[in-house]
């Protein structure tokens, strides 16, 4: 019989690994390293889901873990590497905001989610509280990555990292139904993005801030 | 686990029919190779959905863990099925022209029809879902199907629009999922593990016991998440592109139906937060976003060069008005919001029908190149004039009535908030009338679109005009006289919304 303390610390540790991988994603300068870091994050997520399945006696979480491991940990990274090669996408990461400031912003976001979540969840169990704070940090780091990276592939990796955070939150919520269905729905979404990059040959991020470009492009300026 | 606990949906349950007809229809349409047959079948399937949705009035099913029907969603289900049907009718004429002009290949059309029904299915699933997880999956699937349809023409602009829509709305629904997990966490200590803590009808009864801070945090995420899909400023960046670049029938259902569905999801959570009583007030947040949307859209309307973009911004404005009305709350404002949701749905889809026909015959979507429609195509031109005046809020059409109610209820409860709304409406009115004048009157421009070579049969042309006329007629009738039972019923729903 495992003690509650051990269960809690292990879940905490695995969650922290997912979060560290979220940071690792932020400071990579090469595309292949970004993809590898994402793969590790997905693997850590699979471990977190499996551990929660074990602790909560919820066998359906093993299915979520399997999806995370096989689809996100293996299939998606392989497809992404193939896409980068096939479409001749820049091998270096193009940033909109430098790596240093991004890391500082990332630390700020983690602090924000801890400050926000911990007082709010005083009623819930400790295991839920901390994993929720970690999950929210992962979500926000994914969002940060989407904003600060220019290239479509890194943008998509940011989205998938965000999604890892969401699944982490869902598996951490004790007894939450439909987690498997939700992770399948998300996998479809991710598969669509990859398909979209390939099919539409999207190399660049569409910069909504660049209004001049957009307006001339669409004949909006009269 | 959850699928095995699927409650029995027996054949007497109309919800089963409402959901399975479009779902099975989508599968069948994917197999029909001839676009003509597919277009007709699409209309027939949509008519079947409308028919079965009417049975909901006769035999209202009992709620279960996954689905439920109450006064609020029954009307949106019927409205969605109806507009889905009229749009299918319009689409048959629209697609006919596009196909004859060889802009769409048979393969694309097959895909288009299958996706159309799949899209209707996801919207109806979202509306009838009791489980907030199912609601989320349905909204996500609705995003996926529409992304595929927005990119249908495969032009660079269409792909860019689809991609932008996809990424922005994916992030939006991602945040909505986080909010959903937070709602579950708030409900779980009270409701116990598992399905009851995600079933809306069960949660609302005990919402007062939920932890208020958690549910407040959840609502912020849900507002940003589903608000992105509603197209509330400043989260609306995807909306004009997606409306402008997709096929026009899709613009009509996006504007008329999907925005409503996303707002419906948001309102369900608003009811939950309001039922809690100790959490944050959802009203001011919604009022703030509503007002921002009205203003952003009102000023954006002046600089539009593209006719579909113009009306896409007008959708942002109207969703802002509706969100504002529900944010005000109270019997009259909720009544106005519900009426406005219905009227906007009918009139905006009618406008897109007209715009579709206009851009096909004029061969352009540039406002500057479209002139003198009432001279060159009198019937269509005048219908367009009526539709634009209706959306601008001129009496005696339905939108005037709902906007009037929004403003008068605002002045009754909080006069200061009424001023920005009136200002926003006036600015919008000016922009729309300015643009309308150029397009409808004056020396007609040369029609360089599909000429005699892509003429349709009389039947097909009637099918193209009928939805436009019927929507405008309904808006006119609602503006002049709302039947008593309908009023009583809207009032009951308004009370439900709190």
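Protein chains in written order, with the working numbering: chain A, 306 to 527; chain B, -17 to 480. Backbone N, C-alpha and C fix where the C-beta goes; we use that ideal spot for every residue, glycine too.
Report the neighbours of residue i on chain D: residues whose CB is nearer than 8 angstroms to its CB, in chain order.
{"i": "residue 148/B", "result": "In the structure shown, chain D cannot be found, because the protein chains are A and B."}
What is the rounded straight-line gap between the Cα of residue i and the Cα of residue j?
{"i": "residue 393/A", "j": "residue 380/A", "result": "20 angstroms"}
{"i": "residue 405/A", "j": "residue 455/A", "result": "16 angstroms"}
{"i": "residue -6/B", "j": "residue 295/B", "result": "42 angstroms"}
{"i": "residue 483/A", "j": "residue 115/B", "result": "7 angstroms"}
{"i": "residue 471/B", "j": "residue 54/B", "result": "9 angstroms"}
{"i": "residue 309/B", "j": "residue 110/B", "result": "23 angstroms"}
{"i": "residue 407/B", "j": "residue 385/B", "result": "9 angstroms"}
{"i": "residue 438/B", "j": "residue 75/B", "result": "8 angstroms"}
{"i": "residue 85/B", "j": "residue 468/A", "result": "37 angstroms"}
{"i": "residue 451/B", "j": "residue 338/B", "result": "14 angstroms"}
{"i": "residue 283/B", "j": "residue 371/B", "result": "15 angstroms"}
{"i": "residue 312/A", "j": "residue 433/A", "result": "12 angstroms"}
{"i": "residue 478/A", "j": "residue 401/A", "result": "35 angstroms"}
{"i": "residue 463/A", "j": "residue 325/A", "result": "14 angstroms"}
{"i": "residue 100/B", "j": "residue 62/B", "result": "13 angstroms"}
{"i": "residue 137/B", "j": "residue 143/B", "result": "10 angstroms"}
{"i": "residue 364/B", "j": "residue 421/B", "result": "11 angstroms"}
{"i": "residue 36/B", "j": "residue 72/B", "result": "22 angstroms"}
{"i": "residue 350/A", "j": "residue 476/A", "result": "10 angstroms"}
{"i": "residue 7/B", "j": "residue 66/B", "result": "13 angstroms"}
Could you say which of the options lies nearest to residue i if we only look at CA atoms?
{"i": "residue 398/A", "options": "461/A, 495/A, 378/A", "result": "461/A"}
{"i": "residue 411/B", "options": "288/B, 210/B, 277/B", "result": "277/B"}
{"i": "residue 299/B", "options": "311/B, 322/B, 180/B, 313/B", "result": "322/B"}
{"i": "residue 403/B", "options": "71/B, 359/B, 274/B, 284/B", "result": "274/B"}
{"i": "residue 171/B", "options": "188/B, 182/B, 480/B", "result": "188/B"}
{"i": "residue 59/B", "options": "142/B, 302/B, 327/B", "result": "327/B"}
{"i": "residue 337/A", "options": "385/A, 359/A, 361/A, 436/A", "result": "385/A"}
{"i": "residue 305/B", "options": "320/B, 292/B, 313/B, 293/B", "result": "320/B"}
{"i": "residue 383/B", "options": "460/B, 293/B, 129/B, 263/B", "result": "460/B"}
Please tell me whether residue i has its Cβ less than 8 angstroms away from any Cβ of chain A.
{"i": "residue 52/B", "result": "no"}
{"i": "residue 419/B", "result": "no"}
{"i": "residue -16/B", "result": "Since pLDDT at residue -16/B reaches only 46, below the 50 mark, its modelled position is unreliable, and no value is offered."}
{"i": "residue 14/B", "result": "no"}
{"i": "residue 176/B", "result": "yes"}
{"i": "residue 173/B", "result": "no"}
{"i": "residue 213/B", "result": "no"}
{"i": "residue 152/B", "result": "yes"}
{"i": "residue 126/B", "result": "yes"}
{"i": "residue 466/B", "result": "no"}
{"i": "residue 115/B", "result": "yes"}
{"i": "residue 180/B", "result": "yes"}
Using a Cβ-Cβ distance cut-off of 8 angstroms, determine whether residue i contacts chain B.
{"i": "residue 516/A", "result": "With a pLDDT of 38 at residue 516/A, under the threshold of 50, the modelled position of this residue cannot be trusted; read the value that follows with caution. Not closer than 8 angstroms to any Cβ of chain B, the Cβ of residue 516/A fails to qualify, so no."}
{"i": "residue 533/A", "result": "Only positions 306 to 527 of chain A appear in the structure, and residue 533/A is not among them; the question remains open."}
{"i": "residue 464/A", "result": "yes"}
{"i": "residue 487/A", "result": "yes"}
{"i": "residue 448/A", "result": "yes"}
{"i": "residue 468/A", "result": "yes"}
{"i": "residue 414/A", "result": "no"}
{"i": "residue 433/A", "result": "yes"}
{"i": "residue 323/A", "result": "no"}
{"i": "residue 460/A", "result": "yes"}
{"i": "residue 291/A", "result": "The requested residue 291/A is not part of the displayed model; chain A covers only 306 to 527."}
{"i": "residue 451/A", "result": "yes"}
{"i": "residue 326/A", "result": "no"}
{"i": "residue 444/A", "result": "yes"}
{"i": "residue 360/A", "result": "no"}
{"i": "residue 471/A", "result": "yes"}
{"i": "residue 425/A", "result": "yes"}
Answer yes or no: the CB of residue i versus the heavy atoms of the ligand ATP, is any distance below 7 angstroms?
{"i": "residue 85/B", "result": "This structure does not include the ligand ATP; it has no bound ligands of any sort."}
Segment contact, 8 angstroms Cβ cut-off, at least three pairs: the stretch 325 to 341 of chain B with the stretch 386 to 394 of chain B: no
Given 8 angstroms as the limit, is there contact between the stretch 348 to 356 of chain B and the stretch 405 to 425 of chain B, that is, 3 or more CB pairs closer than that? yes
Stretch-stretch touch, CB-based, cutoff 8 angstroms, three pairs: the stretch 376 to 390 of chain B with the stretch 242 to 254 of chain B: Counting Cβ pairs under 8 angstroms, fewer than three are found: no touch.
For the stretch 440 to 454 of chain A against the stretch 407 to 417 of chain A, are there 3 or more C-beta pairs whose distance is under 8 angstroms? yes
Do the stretch -4 to 11 of chain B and the stretch 31 to 48 of chain B meet, that is, are 3 or more Cβ pairs less than 8 angstroms apart? yes
Contact between the stretch 137 to 152 of chain B and the stretch 15 to 23 of chain B: three or more CB pairs below 8 angstroms? no
Only counting runs of 4 or more residues, tell me where the alpha helix (DSSP H) segments fall wholly within the stretch 75 to 142 of chain B, in order along the chain. 88 to 110, 114 to 132
Segments assigned beta strand (DSSP E), at least 3 residues, entirely inside the stretch 397 to 425 of chain B: none
Please go through the stretch 156 to 230 of chain B and give each complete alpha helix (DSSP H) segment of 4 or more residues, from N-terminal end onward. 182 to 187, 194 to 212, 220 to 227
Cβ contact check for the stretch 370 to 377 of chain A and the stretch 321 to 336 of chain A: 3 or more pairs under 8 angstroms: no
On the three-pair Cβ rule with 8 angstroms, is the stretch 166 to 180 of chain B touching the stretch 212 to 226 of chain B? No: fewer than three Cβ pairs fall under 8 angstroms.
Just checking, does the stretch 119 to 126 of chain B make contact with the stretch 152 to 166 of chain B on the three C-beta pairs under 8 angstroms criterion? yes
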